[in-house]
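Student:
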Amino acid sequence: MARVLLLVTSWRYRKTDLGYYISNDTILLLFPEKIETVIAVEGGKVDLQCDITPPSRDDDVALVLWYKDESTTPLYSLDSRRRGLYQAKHAPGQEIMGRAFLDMSTHPTVLKLEKLKAEDEGEYRCRVDFKIARSRNSLVILEIIIPPKKPVIKDINGEVLQRVSGAHNLGSRLVLICEVEGGKPPPSVTWWKDSVLLDDTYQVHSHVVRNELVVDSLDRNDLHTSYACHASNNNISLPAVTSVMVDMNPSSLIFGFIVEYLLELPSSSYARNKIEAHHTSVYSLVKGQYV
Numbered sequence: 233m234a235r236v237l238l239l240v241t242s243w244r245y246r247k248t249d250l251g252y253y254i255s256n257d258t259i260l261l262l263f264p265e266k267i268e269t270v271i272a273v274e275g276g277k278v279d280l281q282c283d284i285t286p287p288s289r290d291d292d293v294a295l296v297l298w299y300k301d302e303s304t305t306p307l308y309s310l311d312s313r314r315r316g317l318y319q320a321k322h323a324p325g326q327e328i329m330g331r332a333f334l335d336m337s338t339h340p341t342v343l344k345l346e347k348l349k350a351e352d353e354g355e356y357r358c359r360v361d362f363k364i365a366r367s368r369n370s371l372v373i374l375e376i377i378i379p380p381k382k383p384v385i386k387d388i389n390g391e392v393l394q395r396v397s398g399a400h401n402l403g404s405r406l407v408l409i410c411e412v413e414g415g416k417p418p419p420s421v422t423w424w425k426d427s428v429l430l431d432d433t434y435q436v437h438s439h440v441v442r443n444e445l446v447v448d449s450l451d452r453n454d455l456h457t458s459y460a461c462h463a464s465n466n467n468i469s470l471p472a473v474t475s476v477m478v479d480m481n482p483s484s485l486i487f488g489f490i491v492e493y494l495l496e497l498p499s500s501s502y503a504r505n506k507i508e509a510h511h512t513s514v515y516s517l518v519k520g521q522y523v
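The sequence shown begins at 233 in the numbering used here and counts up by one.
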């Protein structure tokens with residue numbers, strides 16, 4: 233984008249002791265040569281670009297100044313007026329001290345910000361002063377995504393579930409409610425079984441996002457099934473996940489079989505039967521514990 237200089241003239245009435253007269257004011261507006269929008273996640277890091285390449289070979293960088301929003305005090309400065317560019321003095325502001333560095337090993341040069349905070353969101357203006365040429369301005373709009381809190385899973389009575397739901401009876405109805413607080417923008421809240429998406433319908437109530445999963449009739453295959461609630465509002469960081477395992481009450485089971493044999497023997501013969509039984513154990517799992 234080319235540099236744009238715009239002269240704006242405004243006319244207004246002014247009052248003096250001698251009466252009214254018309255005056256005009258001329259304002260010089262300087263638009264940045266480049267505008268970029270960058271999205272990052274709270275707690276993460278980001279690179280804000282600024283091209284400091286001199287417009288000609290016989291020119292050099294004198295100052296690199298970063299400003300935030302409407303502040304007239306530099307957020308970060310690099311002064312190479314008395315020494316070479318790579319020996320120049322770096323001076324980060326107090327609010328980014330220890331988590332910002334101007335990296336000149338890349339092209340374009342980037343201001344690296346780490347451990348991002350919500351208040352880091354805003355407009356960042358980079359001004360490059362050259363020893364000969366005019367100053368160059370570029371603008372970076374930084375948007376900070378705030379991840380949602382960890383999902384909370386409740387049962388139909390509103391009780392918070394800790395890893396296990398149940399024990400449930402065979403054929404009963406399972407209702408799992410997932411609630412997620414926080415997040416900017418509000419997150420999508422979904423239910424998953426293994427890697428299969430089950431439900432992506434959710435509602436936003438004030439600052440809470442809610443998704444209700446219903447299984448109409450539990451069968452024996454649902455024993456130990458894990459249902460996971462995912463909350464995500466970006467494709468940069470991993471979703472927040474909470475899961476519960478379904479436990480079920482033991483049902484009445486009858487083990488056995490009937491075998492009928494018809495054996496014909498001569499009158500002079502006799503038969504002898506041998507029956508063997510082997511011991512086995514049957515266990516029931518209730519709330520994750522064998523009983």
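Quick reminder that beta carbons are idealized off the backbone N, C-alpha and C, glycines included.
1. Measuring alpha carbon to alpha carbon, tell me which residue in Lys344, Cys461, Leu371 and Lys363 is nearest Glu355.
2. Check Tyr318 in the structure and name its three-state DSSP category.
3. Mind checking Arg318: buried by the 16 CB within 10 Å criterion, or exposed?
4. I'd like the list of long-range same chain contacts for Asn466, defined as Cβ closer than 8 Å, with 5 residues on each side in sequence excluded.
5. Helix or strand or just coil, what does DSSP make of Glu274?
6. Would you decide whether Ile364 is buried or exposed? Buried here means 16 or more other CB atoms lie within 10 Å of its CB.
7. Tell me, to the nearest whole angstrom, how far the beta carbon of Ser309 is from that of Val293; I am working on the premise that it is less than 8 Å.
8. Tell me which residues share the same chain as Asp432 and place their Cβ nearer than 6 Å to its Cβ, disregarding the 5 neighbours each side in the sequence.
9. Measuring alpha carbon to alpha carbon, tell me which of Asp283, Met329 and Val476 ends up nearest Lys386.
10. In the DSSP assignment, find the beta strand (DSSP E) that holds Val478 and state where it starts and stops.
11. Report the partner residues of Ser408 according to the DSSP bridge assignment.
12. Alpha carbon to alpha carbon, how far is Ile305 from Val446?
13. Can you grab the Cα-Cα spacing for the pair Leu307 / Gln281, in whole Å?
14. Taking the beta strand (DSSP E) that Asp431 falls in, what are its first and last residues?
15. Does DSSP put Arg452 in a helix, a strand or coil?
16. Whose CA, out of Ile468, Leu408 and Arg366, lies closest to the CA of Asp291?
17. Starting from Ala332, trace the beta strand (DSSP E) both ways and give me its first and last residue.
18. Distance check for Ser458 and Leu343, CA to CA, integer angstroms please.
19. Suppose you measure from the CA of Thr258 to the CA of Pro418; what does that come to, to the nearest Å?
20. Which class does Asn465 belong to by DSSP, given the choice of helix, strand or coil?
21. Keeping to the same chain, check which residues put their C-beta closer than 7 Å to that of Leu429; ignore five residues upstream and five downstream.
22. Would you mind working out which of Gly414, His439, His322 and Asn369 sits nearest Glu268, comparing C-alpha positions?
23. Quick one, which of Ala460, Leu470 and Glu265 has its alpha-carbon nearest Arg359's?
24. Measuring alpha carbon to alpha carbon, tell me which of Leu348, Asp279, Phe362 and Ala332 ends up nearest Pro287.
25. Whose CA, out of Glu444, Asp426, Glu411 and Ser449, lies closest to the CA of Ser438?
26. So which of Val407, Asn389 and Met336 has the shortest CA-CA distance to Ser449?
27. Roughly how many angstroms separate the alpha carbons of Leu402 and Lys277, rounded to a whole number?
28. With distances taken between CB atoms, is the gap from Thr474 to Lys381 smaller than 8 Å?
29. If you reduce the DSSP assignment to three classes, tell me which class Thr241 lands in.
Tutor: If we stick to the structure as given:
1. Looking up residue 355 in the sequence shown gives position 123. When each option's Cα is compared against that of Glu355, the closest is Leu371.
2. Reading the sequence shown from its first residue, position 86 is the one you call residue 318. The answer is helix: DSSP assigns Tyr318 an H, G or I state.
3. Taking the sequence shown and counting its residues from 1, one reaches residue 318 at position 86. For the record, residue 318 in the displayed sequence is Tyr; it is not Arg. With fewer than 16 Cβ atoms within 10 Å of its Cβ, Tyr318 is classed as exposed.
4. Here residue 466 is taken as the residue at index 234 of the sequence shown, counted from 1. Ile271, Val273, Ile377 and Pro379.
5. Numbered from its first residue, the sequence shown carries residue 274 at position 42. DSSP places Glu274 in coil when its eight states are reduced to three.
6. The residue you call residue 364 lines up with position 132 of the sequence shown. With fewer than 16 other beta carbons inside 10 angstroms of its own, Ile364 counts as exposed.
7. Taking the first residue of the sequence shown as 1, we reach residue 309 at position 77. Taking the first residue of the sequence shown as 1, we reach residue 293 at position 61. With a Cβ gap of about 12 Å, Ser309 and Val293 do not count as contacting.
8. Translated into positions along the sequence shown, residue 432 becomes position 200. Here the set comprises Thr422.
9. In the sequence shown, the residue the question calls residue 386 occupies position 154. It is Val476.
10. Within the sequence shown, numbered from 1, the residue matching residue 478 stands at position 246. First-last of the beta strand (DSSP E) with Val478: Ala472 to Met480.
11. Here residue 408 is taken as the residue at index 176 of the sequence shown, counted from 1. For clarity, residue 408 is Leu in the given sequence; the question names Ser instead. DSSP output for Leu408 lists Leu445 as bridge partner(s).
12. By 1-based counting over the sequence shown, the position of residue 305 is 73. By 1-based counting over the sequence shown, the position of residue 446 is 214. The amino acid occupying residue 305 in the given sequence is Thr; Ile does not appear at that position. Looking at the two C-alpha atoms, the distance is approximately 56 Å.
13. As a working note, residue 307 is residue 75 in the sequence shown. As a working note, residue 281 is residue 49 in the sequence shown. When rounded, the distance between both Cα atoms is 15 Å.
14. By one-based count along the sequence shown, residue 431 stands at place 199. Unbroken beta strand (DSSP E) run through Asp431: Val428 to Asp431.
15. Stepping through the sequence shown from its first residue, residue 452 is reached at position 220. DSSP places Arg452 in helix when its eight states are reduced to three.
16. Locating residue 291 in the sequence shown gives position 59, where the first residue counts as 1. That would be Arg366, whose Cα lies nearest to the Cα of Asp291.
17. Position 100 of the sequence shown, counting from 1, holds the residue named residue 332. Ala332 to Asp335 is the span of the beta strand (DSSP E), which, as asked, contains Ala332.
18. Within the sequence shown, residue 343 is the residue found at index 111, counting from 1. Within the sequence shown, residue 458 is the residue found at index 226, counting from 1. The alpha-carbon separation between Leu343 and Ser458 amounts to approximately 44 Å.
19. On the sequence shown, residue 258 is found 26 positions in, with the first residue counted as 1. On the sequence shown, residue 418 is found 186 positions in, with the first residue counted as 1. The predicted position of Thr258 is uncertain, since its pLDDT is 45 and thus under 50; no value can be drawn from it.
20. In the sequence shown, residue 465 corresponds to position 233, counting from 1. Of the three classes helix, strand and coil, the one that applies to Asn465 here is coil, per DSSP.
21. For the purposes of this step, residue 429 is taken as the residue at position 197 of the sequence shown. Correct list, in chain order: Thr422.
22. Within the sequence shown, numbered from 1, the residue matching residue 268 stands at position 36. When only C-alpha atoms are compared, the closest one is Asn369.
23. Working through the sequence shown from its first residue, we reach residue 359 at position 127. Measuring from the Cα of Arg359, the nearest candidate turns out to be Glu265.
24. Taking the first residue of the sequence shown as 1, we reach residue 287 at position 55. When only C-alpha atoms are compared, the closest one is Phe362.
25. For the purposes of this step, residue 438 is taken as the residue at position 206 of the sequence shown. Residue nearest to Ser438 within the set Glu444, Asp426, Glu411 and Ser449 is Glu411 (criterion: CA-CA distance).
26. If you number the sequence shown from 1, residue 449 lands on position 217. Nearest option by C-alpha distance: Val407.
27. As a first step, residue 402 is located in the sequence shown; it is residue number 170 there, counting from the start. As a first step, residue 277 is located in the sequence shown; it is residue number 45 there, counting from the start. So the alpha carbons of these two residues sit roughly 50 Å apart.
28. In the sequence shown, residue 474 corresponds to position 242, counting from 1. In the sequence shown, residue 381 corresponds to position 149, counting from 1. No. Outside cutoff.
29. Working through the sequence shown from its first residue, we reach residue 241 at position 9. At Thr241, the pLDDT of 46 sits below 50, so the modelled position is not reliable; the number obtained from the coordinates is stated separately. Thr241 falls in the strand class under three-state DSSP.
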